[in-house]
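Using my numbering, you'd call the opening residue of the sequence shown number 37 and step up by one each time.
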Amino acid sequence: MTQHAQDEPRRAVRPTFMKGLLFLAVVAVGVVLLAIFVLSQRSSEGPLVVSEDPTPLSVDVMVADIQSSLALDEKFTGIVQPRRSSELGFSDGGRIAALNVDVGDRVTDGQILGVLDTRALRSQLVSAEAQVNEARASHALAMNTVERQETLLERGHVSQQRVDEAMAQAATAEARIEAAKARADTLRVQIDLASITAPYPGMITARNFDEGAIAPQGTPVFSLVETGALEARIGLPALLASALESGQIYSLSTDRGPVDGRLRSVTGVIEAGQRSVTTVFDIMDSEAVSPGAVVRLSISRDVEENGLWLPVSALAEGQRGLWSLYIATPEGDGWVARPGLVEVVQSEGERAFVRGAVSDGDRIIVDGLQRVAPGQPVSPRLVPLASGQTSEG
Numbered sequence: 037m038t039q040h041a042q043d044e045p046r047r048a049v050r051p052t053f054m055k056g057l058l059f060l061a062v063v064a065v066g067v068v069l070l071a072i073f074v075l076s077q078r079s080s081e082g083p084l085v086v087s088e089d090p091t092p093l094s095v096d097v098m099v100a101d102i103q104s105s106l107a108l109d110e111k112f113t114g115i116v117q118p119r120r121s122s123e124l125g126f127s128d129g130g131r132i133a134a135l136n137v138d139v140g141d142r143v144t145d146g147q148i149l150g151v152l153d154t155r156a157l158r159s160q161l162v163s164a165e166a167q168v169n170e171a172r173a174s175h176a177l178a179m180n181t182v183e184r185q186e187t188l189l190e191r192g193h194v195s196q197q198r199v200d201e202a203m204a205q206a207a208t209a210e211a212r213i214e215a216a217k218a219r220a221d222t223l224r225v226q227i228d229l230a231s232i233t234a235p236y237p238g239m240i241t242a243r244n245f246d247e248g249a250i251a252p253q254g255t256p257v258f259s260l261v262e263t264g265a266l267e268a269r270i271g272l273p274a275l276l277a278s279a280l281e282s283g284q285i286y287s288l289s290t291d292r293g294p295v296d297g298r299l300r301s302v303t304g305v306i307e308a309g310q311r312s313v314t315t316v317f318d319i320m321d322s323e324a325v326s327p328g329a330v331v332r333l334s335i336s337r338d339v340e341e342n343g344l345w346l347p348v349s350a351l352a353e354g355q356r357g358l359w360s361l362y363i364a365t366p367e368g369d370g371w372v373a374r375p376g377l378v379e380v381v382q383s384e385g386e387r388a389f390v391r392g393a394v395s396d397g398d399r400i401i402v403d404g405l406q407r408v409a410p411g412q413p414v415s416p417r418l419v420p421l422a423s424g425q426t427s428e429g
């Protein structure tokens, strides 16, 4: 009885505990089912993400105006130089007695610029002239002898041989006259060559010796350039040179201002390595420019080329010689930046003529490319073109 009485309370507790476990299990299953239901509802509605559209970047744009031709204004440079220049020296060497001009002096045609010491030559000339006189006297005596011998021959007092001998002596004396005269003439020429004479009007640009120095034969003493006639030599592509008219006057620009030049000749020979021919222009006003000055010839021509002018700020260096730009393209209710590639055909200062992936009417971003990325929303603002016209679109 005692053992049975103790087991009764234990049997009463077990059903209560089982009921609690069952309740907790039901609650847990309900929570899981509720969570699954909520997640399925959210999945069907899509992710709940709060987002804001980025603010479009304000950019300056211009409307592309495609041209069918390109007006090129090309400049070609050359050097002004005298038409004639000479290195002047003494034909025979000797001691310099006098130099009459210096660097920068202007000289006239025929002016004596310098002379050698000719005292020895003049002494030899005096001797040669004396020999001429002596030879003439001998010749006169020989001719008198011939006349006397011929008279004696007629009278029969001498033989023909004596006459022939007298005539031979006269011929010898005459030959001596010619030899002495030739020697004297040679000395006169040497004395003349002992001086330097200006062959044309010009300016002395170099003086290599001073008085008292020994000038070797043929060594330049002075450098002379012609000042009365200047010319400009300019290299041009053969095609452009062939279009110029000989005798026509063209305007050349210099650091001192414009100067007129008349086209005298075109060499017609393409210079190796430069692929150009030399054109020669006579400077009309030689006082307006100095020898050695740089001159420029401008040639304008139209080239058939589809493209447009852009400011260089609209371009960024790309690959393989191409350049990149951005075009503001409509997308939805706004604009986005789309990249494009172009080739630079001609550049002039702050602008460049390009061809490539640009259509007429495109809105091209003209500056601030470092702030722009492909596909970036932008807010385009039209700005004036380089030509002064305003873009419209």
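In this text, a Cβ means the ideal position worked out from N, Cα and C, and glycines have one as well.
The beta carbon of V381 is closer than 7 Å to those of L106, E341, G343, F389, V390 and R391 in its chain, skipping five residues each way along the sequence. About 6 Å separates the CB atoms of L358 and E379; that is less than 8 Å, so the two are in contact. In this structure, DSSP gives V199 a helical state, which the three-state scheme calls helix. A distance of 8 Å or more separates the beta carbons of V331 and V313.
Secondary structure of E281 (DSSP, three-state): coil.
With a 10 Å radius around the Cβ and a threshold of 16 neighbouring Cβ atoms, V162 comes out exposed. According to DSSP, residue pairing for S122 in a beta bridge involves L260. As a beta-bridge residue in DSSP terms, S231 pairs with V151.
By the neighbour-count definition (other C-beta atoms within 10 Å, threshold 16), H193 is an exposed residue.
Scanning the stretch 345-393 from its first residue to its last, the whole beta strand (DSSP E) runs of 3-plus residues come out as 359-367, 370-384 and 387-392. When secondary structure is reduced to three states using DSSP, E170 falls in the helix class. G293 sits away from F112, with the two beta carbons spaced by 8 Å or more.
Per DSSP, reduced to three states, the secondary structure at E247 is coil, with no helix or strand assignment. The C-beta distance from D153 to L229 rounds to 13 Å, too long to fall under 8 Å, and the pair is not in contact.
Rounded to the nearest whole angstrom, the C-alpha separation of S322 and T263 is 7 Å.
Fewer than three Cβ pairs drawn from the stretch 132-150 and the stretch 176-184 lie within less than 8 Å of each other, which leaves the two stretches out of contact.
Bridge pairing for A242: S259 [DSSP]. For a cut-off of 8 Å, the C-beta gap from L93 to R407 is around 6 Å, short enough to register as a contact.
For G297, same chain residues with a beta-carbon under 6 Å away, outside a window of 5 residues either side, are A268, Y286, L288, F317 and I319 in chain order. Taking a contact to require three or more Cβ pairs closer than 8 Å, the stretch 410-420 and the stretch 109-123 do not qualify as touching. Sequence-distant partners of L157 (beyond 5 residues in either direction) whose C-beta falls short of 6 Å from its own C-beta, in its chain, are L223, Q226 and I227.
Straight through space, the alpha carbons of P252 and G114 are spaced by roughly 36 Å. Distances from the alpha-carbon of P235 to those of G146, E170, D291 and I250 put G146 closest. Minimum Cα-Cα distance from F245 among the listed residues L276, R191, T255 and D101 corresponds to T255. Counting along the chain, the unbroken beta strand (DSSP E) around L93 starts and ends at L93 to V99.
For A242 against S231, the beta-carbon gap comes to about 19 Å, at or over 8 Å, which does not count as contact.
Contact annotation: I401 and V95 have beta-carbon atoms nearer than 8 Å. Annotated three-state conformation of E190 is helix, per DSSP.
As computed with DSSP, T113 is found in a beta bridge with R332.
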